[in-house]
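A.B. asks:
Protein chains: 2
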Amino acid sequence: MEMYSKAETLELRKKHIGPSCKVFFAKDPIKIVCARGQYMFDENGEKYLDCINNVAHVGHSHPDVVKAAVKQMELLNTNSRFLHDNLVQYAKRLTATLPEPLSVCYFVNSGSEANDLALRLARQYRGHQDVITLDHAYHGHVTSLIDISPYKFNQLGKEAKKEFVHVAPSPDIYRGKYRDDHPDPGSAYADDVKKIIEEAQKNGRKIAAFIAESMQSCGGQVIPPAGYFQKVADAVHKAGGVFIADEVQVGFGRVGKKFWGFQLQGEDFVPDIVTMGKPIGNGHPMSCVVTTREIAEAFGACGLEYFNTFGGNPVSCAIGLAVLDVIEKEDLQGNATRVGNYLTGLLKEQKEKHPLVGDVRGVGLFVGVDLVKDRQKRTPATAEAQHIIYKLKEQRILLSADGPYRNILKFKPPMCFTMEDAKFVVDQIDEILTDLEDSTINRTRDELPTSIQSKRKMPPDGSSQLECINESISHINGSACRQKNGFYAENNTVPCKRIRT
Amino acid sequence: MEMYSKAETLELRKKHIGPSCKVFFAKDPIKIVCARGQYMFDENGEKYLDCINNVAHVGHSHPDVVKAAVKQMELLNTNSRFLHDNLVQYAKRLTATLPEPLSVCYFVNSGSEANDLALRLARQYRGHQDVITLDHAYHGHVTSLIDISPYKFNQLGKEAKKEFVHVAPSPDIYRGKYRDDHPDPGSAYADDVKKIIEEAQKNGRKIAAFIAESMQSCGGQVIPPAGYFQKVADAVHKAGGVFIADEVQVGFGRVGKKFWGFQLQGEDFVPDIVTMGKPIGNGHPMSCVVTTREIAEAFGACGLEYFNTFGGNPVSCAIGLAVLDVIEKEDLQGNATRVGNYLTGLLKEQKEKHPLVGDVRGVGLFVGVDLVKDRQKRTPATAEAQHIIYKLKEQRILLSADGPYRNILKFKPPMCFTMEDAKFVVDQIDEILTDLEDSTINRTRDELPTSIQSKRKMPPDGSSQLECINESISHINGSACRQKNGFYAENNTVPCKRIRT
Numbered sequence: 330m331e332m333y334s335k336a337e338t339l340e341l342r343k344k345h346i347g348p349s350c351k352v353f354f355a356k357d358p359i360k361i362v363c364a365r366g367q368y369m370f371d372e373n374g375e376k377y378l379d380c381i382n383n384v385a386h387v388g389h390s391h392p393d394v395v396k397a398a399v400k401q402m403e404l405l406n407t408n409s410r411f412l413h414d415n416l417v418q419y420a421k422r423l424t425a426t427l428p429e430p431l432s433v434c435y436f437v438n439s440g441s442e443a444n445d446l447a448l449r450l451a452r453q454y455r456g457h458q459d460v461i462t463l464d465h466a467y468h469g470h471v472t473s474l475i476d477i478s479p480y481k482f483n484q485l486g487k488e489a490k491k492e493f494v495h496v497a498p499s500p501d502i503y504r505g506k507y508r509d510d511h512p513d514p515g516s517a518y519a520d521d522v523k524k525i526i527e528e529a530q531k532n533g534r535k536i537a538a539f540i541a542e543s544m545q546s547c548g549g550q551v552i553p554p555a556g557y558f559q560k561v562a563d564a565v566h567k568a569g570g571v572f573i574a575d576e577v578q579v580g581f582g583r584v585g586k587k588f589w590g591f592q593l594q595g596e597d598f599v600p601d602i603v604t605m606g607k608p609i610g611n612g613h614p615m616s617c618v619v620t621t622r623e624i625a626e627a628f629g630a631c632g633l634e635y636f637n638t639f640g641g642n643p644v645s646c647a648i649g650l651a652v653l654d655v656i657e658k659e660d661l662q663g664n665a666t667r668v669g670n671y672l673t674g675l676l677k678e679q680k681e682k683h684p685l686v687g688d689v690r691g692v693g694l695f696v697g698v699d700l701v702k703d704r705q706k707r708t709p710a711t712a713e714a715q716h717i718i719y720k721l722k723e724q725r726i727l728l729s730a731d732g733p734y735r736n737i738l739k740f741k742p743p744m745c746f747t748m749e750d751a752k753f754v755v756d757q758i759d760e761i762l763t764d765l766e767d768s769t770i771n772r773t774r775d776e777l778p779t780s781i782q783s784k785r786k787m788p789p790d791g792s793s794q795l796e797c798i799n800e801s802i803s804h805i806n807g808s809a810c811r812q813k814n815g816f817y818a819e820n821n822t823v824p825c826k827r828i829r830t
Numbered sequence: 330m331e332m333y334s335k336a337e338t339l340e341l342r343k344k345h346i347g348p349s350c351k352v353f354f355a356k357d358p359i360k361i362v363c364a365r366g367q368y369m370f371d372e373n374g375e376k377y378l379d380c381i382n383n384v385a386h387v388g389h390s391h392p393d394v395v396k397a398a399v400k401q402m403e404l405l406n407t408n409s410r411f412l413h414d415n416l417v418q419y420a421k422r423l424t425a426t427l428p429e430p431l432s433v434c435y436f437v438n439s440g441s442e443a444n445d446l447a448l449r450l451a452r453q454y455r456g457h458q459d460v461i462t463l464d465h466a467y468h469g470h471v472t473s474l475i476d477i478s479p480y481k482f483n484q485l486g487k488e489a490k491k492e493f494v495h496v497a498p499s500p501d502i503y504r505g506k507y508r509d510d511h512p513d514p515g516s517a518y519a520d521d522v523k524k525i526i527e528e529a530q531k532n533g534r535k536i537a538a539f540i541a542e543s544m545q546s547c548g549g550q551v552i553p554p555a556g557y558f559q560k561v562a563d564a565v566h567k568a569g570g571v572f573i574a575d576e577v578q579v580g581f582g583r584v585g586k587k588f589w590g591f592q593l594q595g596e597d598f599v600p601d602i603v604t605m606g607k608p609i610g611n612g613h614p615m616s617c618v619v620t621t622r623e624i625a626e627a628f629g630a631c632g633l634e635y636f637n638t639f640g641g642n643p644v645s646c647a648i649g650l651a652v653l654d655v656i657e658k659e660d661l662q663g664n665a666t667r668v669g670n671y672l673t674g675l676l677k678e679q680k681e682k683h684p685l686v687g688d689v690r691g692v693g694l695f696v697g698v699d700l701v702k703d704r705q706k707r708t709p710a711t712a713e714a715q716h717i718i719y720k721l722k723e724q725r726i727l728l729s730a731d732g733p734y735r736n737i738l739k740f741k742p743p744m745c746f747t748m749e750d751a752k753f754v755v756d757q758i759d760e761i762l763t764d765l766e767d768s769t770i771n772r773t774r775d776e777l778p779t780s781i782q783s784k785r786k787m788p789p790d791g792s793s794q795l796e797c798i799n800e801s802i803s804h805i806n807g808s809a810c811r812q813k814n815g816f817y818a819e820n821n822t823v824p825c826k827r828i829r830t
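Protein chains in written order, with our numbering: chain A, 330 to 830; chain B, 330 to 830.
#1: So, with DSSP's three-state summary, where would you put Gly347 of chain B?
#2: Pick helix, strand or coil for Lys786 of chain B, following the three-state DSSP scheme.
#3: Are there three or more Cβ pairs, one per stretch, closer than 8 angstroms when the segment 497-517 of chain A is compared with the segment 537-554 of chain A?
#4: Please report the Cβ distance between Trp589 of chain A and Leu427 of chain A, rounded to the nearest whole angstrom; I am assuming they are in contact, meaning their Cβ atoms lie under 8 angstroms.
#5: Rounded to whole angstroms, how far is the Cβ of Gly556 of chain B from the Cβ of Met744 of chain B, which I believe are closer than 8 angstroms?
#6: Measuring only the C-alpha atoms, how far is Phe636 of chain B from Cys434 of chain B?
#7: Tell whether a beta-carbon distance below 8 angstroms holds between Ile525 of chain B and Ala451 of chain B.
#8: Using a C-beta to C-beta distance shorter than 7 angstroms, which residues of chain A count as neighbours of Asn642 of chain B?
#9: Is the Cβ of Tyr333 of chain A closer than 8 angstroms to any Cβ of chain B?
#10: Comparing the C-beta of Ile389 of chain B with each C-beta of chain A, is any distance below 8 angstroms?
#11: Pro358 of chain A versus chain C: which residues are under 9 angstroms apart at the beta carbon?
#12: Quick check: is the beta carbon of Leu341 of chain A nearer than 8 angstroms to any beta carbon in chain B?
#13: May I ask you to list, following chain order, the residues of the segment 434-466 of chain B that have a beta carbon less than 9 angstroms from some beta carbon of chain A?
#14: For Glu542 of chain A, which of helix, strand or coil comes out of DSSP?
#15: When you compare each of A:Asn383, A:Ala420, A:Ser439, A:Phe639 to Leu431 of chain A by their alpha carbons, which one comes out closest?
#16: Give me, in chain order, the residues of the same chain whose beta-carbon lies closer than 8 angstroms to that of Asn820 of chain A; leave out the 5 immediate sequence neighbours on both sides.
#17: Which word fits Thr763 of chain A, buried or exposed, when buried means at least 16 other C-beta atoms lie within 10 angstroms of its C-beta?
#18: Kindly say whether Glu634 of chain B, judged by its beta-carbon, lies nearer than 8 angstroms to any beta-carbon of chain A.
#19: How far does the alpha helix (DSSP H) with Gly732 of chain A in it extend, from its first residue to its last?
#20: Roughly how many angstroms separate the alpha carbons of Pro733 of chain B and Phe740 of chain B, rounded to a whole number?
#21: Which residues does DSSP list as the beta-bridge partners of Trp605 of chain A?
#22: Pull up the CB-CB distance for Val696 of chain B and Gly687 of chain B, whole angstroms please, since I reckon it's below 8 angstroms.
#23: What is the rounded straight-line gap between the Cα of Leu474 of chain A and the Cα of Met605 of chain B?
#24: Could you pull out every residue in the same chain whose Cβ sits closer than 6 angstroms to the Cβ of Gly388 of chain A, ignoring the five residues on either side in sequence?
#25: From the DSSP output, read off the bridge partner residues of Val701 of chain A.
#26: Hey, would you say Asp575 of chain A sits closer than 8 angstroms to Ala541 of chain A, going by beta carbons?
#27: Given a threshold of 16 other Cβ atoms within 10 Å of its Cβ, counted over all protein chains shown, does Val332 of chain A qualify as buried or as exposed?
#28: At which residues does the beta strand (DSSP E) containing Gly663 of chain A begin and terminate?
#29: Give me the residue from A:Asp379, A:Ile761, A:His468 with the minimum Cα distance to Gly440 of chain A.
#30: Candidates B:Val565, B:Ile718, B:Val698: which alpha carbon is nearest Ile457 of chain B's?
#31: Which residues of chain B have a Cβ atom closer than 8 angstroms to the Cβ of Lys351 of chain A, listed in chain order?
#32: Closer than 7 angstroms by C-beta to Lys376 of chain B: which residues in its own chain qualify, once you throw out the five before and the five after it? Chain order, please.
#33: Answer yes if the segment 646-664 of chain A comes into contact with the segment 393-403 of chain A, meaning at least three C-beta pairs across the two stretches below 8 angstroms, and no otherwise.
#34: Which parts of the segment 631-659 of chain A are runs of the alpha helix (DSSP H), unbroken and 4 residues or longer, counting only runs that do not cross its ends?
#35: Residues of chain A with CB under 9 angstroms from Asn382 of chain B, in chain order?
#36: Going by beta carbon distance, what residues of the same chain come within less than 7 angstroms of Leu777 of chain A, once the five residues before and after it are set aside?
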């Protein structure tokens, strides 16, 4: 069935794919040949439980989605300059999931295209240019979005922040500026945004937009405190700007009780622009921007046509409609609530048991576990998080770690994830944490270095756990890492691995 | 079969799709429900000959492409952080079509994503920022590309050109600065680029890239004169910049005798970066950037991962491979040469017959007909071009007009276009031109206004031809147009229609 052996695939990849395109588990990447539901299978038929692929939203290779795609591909796949029912039907269905003012769609091909267009809409609206973004935010890979993604531009040195970009603190009440002991962190974080606006205006600058994921994903599974978005929107509107809610990672029912992440802030909050992506087509390259009539008209008034070759083609729309149907038919929102609550509950039990677990937070099937070396200081346990990820892989479980310190275990599985799956992964984490804590205690006794943030090399004959930890250290050390950043597996060095999943 | 009547579709589109997204034939748009090969069918079963959809490269709904898509969709569609044979096999096949140094691929979702990444690669290479672009060029819809697309930013007023952008004259030997009577237009146009570089350097600016379509499409089906690219590349390299060949419109065998448009310049020319898009997946949203190892390594050395959620997924790659197979199996490159030569020959006969035809140029199935009101002055016959397009539509033929004056009939049909199709469309054009010339002569006799560039309104009881011409006039008048730029068909006004097809 396979055309190439894994070694050959890797060799060809090394030869023909840009070295900036990283693989999971650089030391021993996984070759996946098929997938169904929440399971992926490698070339030897080994089954992996998938806890990370939010793109395969309704489950890998869902037959209803495939069927809808085939039916439409056999008939017609063309651009949106011709009238087609799929386009308008899909726009009608999508906008029906949103508060009423959000009624006008632009169909594009990726979250990056969506966020870029959102910025164009925002800037055209009042002719303002500046953008307020959250610390650690990632909004996409095109030039305009690297500019507003501290997650990316902070890696390029101090000069990398452009003058028109203003970075507000991430509203993280566990590890941010205002924490769970603050009486009103929502207002405090919003006040910081107000101050940024005032400062910008003092310097003659004009705010076009505030952009934020409804819940920060790469930023560390951050759930903004209640009231934050309302207060920010208020300040941004007063400054003539718009509020862009990036739902690329968290939209489409993942949070369970609501269809969109921003709706968790309450009925009284409505963004001006919503961008959506990843789960929208269950893997098919498609994406959308939805905005108000007023903003759409202002964009139209500039006189430029907006044409997107593939955006809104009948096949993409047929797939999008099928995804919406499956979410409803299989009650995946209900499942996200039920399994999400169960998973969060199990993880909270782990917190009782293991001092490494500092915080468990989540809504529906968007869950983060913040690992700490010290509960009081909340010191990020980065290497331990990487260790767990690698150990889980050995158990055929796919999980990732993210956040500014890459110490947050990140759950965002296909929405068909079950109670059994949740139990299985948490049991494995339990075992790994137990082993890890035991080994740390033993090592402390033997007076081996306990600080795994040390840059000291571990002895080459260290245990496999130490090797894993050591590999993680090389990830943390940014500058060393940058120099080593050739191909994965080249000279057996481990490249810089700052991955967004 | 239809969910909505055409009127309902239009109504829903007006309500839910951004007004900047235009339809073909605003006055009476076409609803297409299926397509096969070079034919499209509307809701009444009427068959249209498609002369414009280069995206449906191997023919609409090609069964081999659909089959490959389904087969892979049923198995797996995931991201490129997992190893997969389709990715590397496709990269191997694609790079095999290119000169050897072009060996490293980045898979993305659209021509816009490809050109944006090309700019990022170019800028990272030596840390330079400036870009030289051709006049009338269009390279995509994201922010960074609007910036380097005079076709777009010129519509936004004089202030719209950014300081880092340098516009070189379009190497159009029919209507450009150096024409067919020049002894060496290639060198003359290249010298202009050299002067731009010198001037920029005098001002302390550094050239990152020269970007050009291998043949300008929206710019007016412009075939650059021999030797131009070599000389430009030479000057750009000396300045530390790279040459980006944008093959999004013209690549994949469309030019017949070569697989890539840039190869028409000769074996001694190799771009540093090639971007590809539209035809690559026969309508599936996919696209690619190919570059040299040196540039790819420099990009990797910045330490930023490049991750594209959908780019290079196994389904896109399976489709890409199927498209390459069909091009070979059905000898579509050979067909492009044979039918292209025949079509160009027929059109040249029209030039002998009709004074409106000023120039016929093309290679393979990329052909342009430059319509003029005066052969000596080469005055663009914009309204006539629009008239022809509308009249052809009545004959169920889809053709478009483009170029800076929108007076160039633009042929870029699916590659399965036949001799009969060519004969049919040229016969129709012949009739329309004959009628048009007759009517102009009659009107001149009756002392009706002959200058169709006049902004004067035609009498409402004018002939249908006059109405068409009148509609075209409203397109030309930029500022009036901009104010009217609401929804198509709203208040029966005709919106600004500057479309890229």
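Every residue, glycine too, gets a C-beta built ideally from N, C-alpha and C.
C.D. replies: So, to answer that:
#1: Residue 347 of chain B sits at position 18 when you count from the first residue of the second sequence. The answer is coil: DSSP assigns Gly347 of chain B none of H, G, I, E or B.
#2: By one-based count along the second sequence, residue 786 of chain B stands at place 457. The predicted model places Lys786 of chain B with a pLDDT of 35, which falls under 50 and marks its position as unreliable, so this point remains unresolved.
#3: Yes, since at least three Cβ pairs between the segment 497-517 of chain A and the segment 537-554 of chain A fall closer than 8 angstroms, the two stretches touch.
#4: Here residue 589 of chain A refers to the residue found at position 260 of the first sequence. Here residue 427 of chain A refers to the residue found at position 98 of the first sequence. Sure, about 7 angstroms apart at Cβ, within 8 angstroms.
#5: Residue 556 of chain B sits at position 227 when you count from the first residue of the second sequence. Residue 744 of chain B sits at position 415 when you count from the first residue of the second sequence. Contact doesn't hold; Cβ gap of about 28 angstroms is too wide.
#6: Locating residue 636 of chain B in the second sequence gives position 307, counting from the first residue. Locating residue 434 of chain B in the second sequence gives position 105, counting from the first residue. Straight-line measurement puts the Cα of Cys434 of chain B at about 13 angstroms from the Cα of Phe636 of chain B.
#7: In the second sequence, the residue the question calls residue 525 of chain B occupies position 196. In the second sequence, the residue the question calls residue 451 of chain B occupies position 122. In this structure, Ala451 of chain B does not lie closer than 8 angstroms to Ile525 of chain B by Cβ.
#8: Within the second sequence, the letter at position 313 stands for residue 642 of chain B. By Cβ distance, chain A contributes Gly612.
#9: Here residue 333 of chain A corresponds to residue number 4 of the first sequence, with the count starting at 1. Interface residue, yes.
#10: In the second sequence, counting from the first residue as 1, residue 389 of chain B sits at position 60. Correcting the residue type first, residue 389 of chain B is His in the shown sequence and not Ile. It does: the Cβ of His389 of chain B has a partner Cβ on chain A nearer than 8 angstroms.
#11: Absent here is chain C; the protein component of the structure consists of chains A and B.
#12: The count along the first sequence starts at 1 and reaches residue 341 of chain A at position 12. Chain B contact via Cβ: present.
#13: Those would be Cys434, Tyr435, Phe436, Val437, Asn438, Ser439, Gly440, Ser441, Glu442, Asp445, Leu446, Leu448, Arg449, Leu450, Arg452, in chain order.
#14: As a working note, residue 542 of chain A is residue 213 in the first sequence. Shown here, Glu542 of chain A sits in a strand according to DSSP, grouped into three states.
#15: The residue labelled residue 431 of chain A in the question sits at position 102 within the first sequence. Ranking the options by Cα distance to Leu431 of chain A, first place goes to A:Ala420.
#16: Reading the first sequence from its first residue, position 491 is the one you call residue 820 of chain A. The predicted position of Asn820 of chain A is uncertain, since its pLDDT is 32 and thus under 50; no value can be drawn from it.
#17: On the first sequence, residue 763 of chain A is found 434 positions in, with the first residue counted as 1. Label assigned to Thr763 of chain A: exposed.
#18: What you label residue 634 of chain B is simply residue 305 of the second sequence in a count that begins at 1. At a cut-off of 8 angstroms between beta carbons, Glu634 of chain B contacts chain A.
#19: Along the first sequence, one-based indexing puts residue 732 of chain A at 403. Premise fails: Gly732 of chain A is in no alpha helix (DSSP H) and is neither H nor E.
#20: Residue 733 of chain B sits at position 404 when you count from the first residue of the second sequence. Residue 740 of chain B sits at position 411 when you count from the first residue of the second sequence. Their backbone Cα atoms lie some 16 angstroms apart in a straight line.
#21: Working through the first sequence from its first residue, we reach residue 605 of chain A at position 276. What sits at residue 605 of chain A in the sequence shown is Met, not Trp. Per DSSP, A:Cys617.
#22: For the purposes of this step, residue 696 of chain B is taken as the residue at position 367 of the second sequence. For the purposes of this step, residue 687 of chain B is taken as the residue at position 358 of the second sequence. Here Val696 of chain B is actually not in contact with Gly687 of chain B; their C-beta atoms are around 14 angstroms apart, not less than 8 angstroms.
#23: Within the first sequence, the letter at position 145 stands for residue 474 of chain A. Within the second sequence, the letter at position 276 stands for residue 605 of chain B. Straight-line Cα distance between these residues: approximately 22 angstroms.
#24: For this step, residue 388 of chain A is matched to residue 59 along the first sequence. Answer for Gly388 of chain A: Gly366, Pro743, Cys745, listed in chain order.
#25: Mapped onto the first sequence, residue 701 of chain A falls at position 372. Looking at the DSSP output, Val701 of chain A bridges to A:Pro709.
#26: To locate residue 575 of chain A, count along the first sequence from 1; it is residue 246. To locate residue 541 of chain A, count along the first sequence from 1; it is residue 212. Contact: yes.
#27: Residue numbering aside, residue 332 of chain A sits at position 3 when the first sequence is read from its first letter. Contrary to the premise, residue 332 of chain A reads as Met rather than Val in this sequence. By the neighbour-count criterion, in which 16 or more other beta carbons inside 10 Å mark a residue as buried, Met332 of chain A falls on the exposed side.
#28: What you label residue 663 of chain A is simply residue 334 of the first sequence in a count that begins at 1. First-last for Gly663 of chain A: 661-682, but that is the alpha helix (DSSP H), not the beta strand (DSSP E).
#29: For this step, residue 440 of chain A is matched to residue 111 along the first sequence. Of A:Asp379, A:Ile761, A:His468, the smallest CA-CA separation from Gly440 of chain A is found for A:His468.
#30: Here residue 457 of chain B refers to the residue found at position 128 when the second sequence is read from its first residue. The residue asked about is misnamed: residue 457 of chain B is His in this sequence, not Ile. With distances taken between Cα atoms, His457 of chain B lies closest to B:Val565.
#31: Indexing the first sequence from 1 puts residue 351 of chain A at position 22. Those are Arg410, Glu634, Phe636, listed as they occur along chain B.
#32: Reading the second sequence from its first residue, position 47 is the one you call residue 376 of chain B. Short of 7 angstroms from the beta carbon of Lys376 of chain B, and not among the five residues preceding or following it, lie these beta carbons of its own chain, in chain order: Tyr368, Phe370, Arg725.
#33: These segments touch.
#34: DSSP runs (the alpha helix (DSSP H)) wholly in the segment 631-659 of chain A: 643-658.
#35: Taking the first residue of the second sequence as 1, we reach residue 382 of chain B at position 53. Around Asn382 of chain B, the beta-carbon contacts reaching into chain A at under 9 angstroms are Thr407, Asn408.
#36: As a working mapping, residue 777 of chain A is identified with position 448 in the first sequence. Residue placement at Leu777 of chain A is flagged as unreliable, the pLDDT there being 40, under the threshold of 50; a coordinate-derived value is accordingly withheld.
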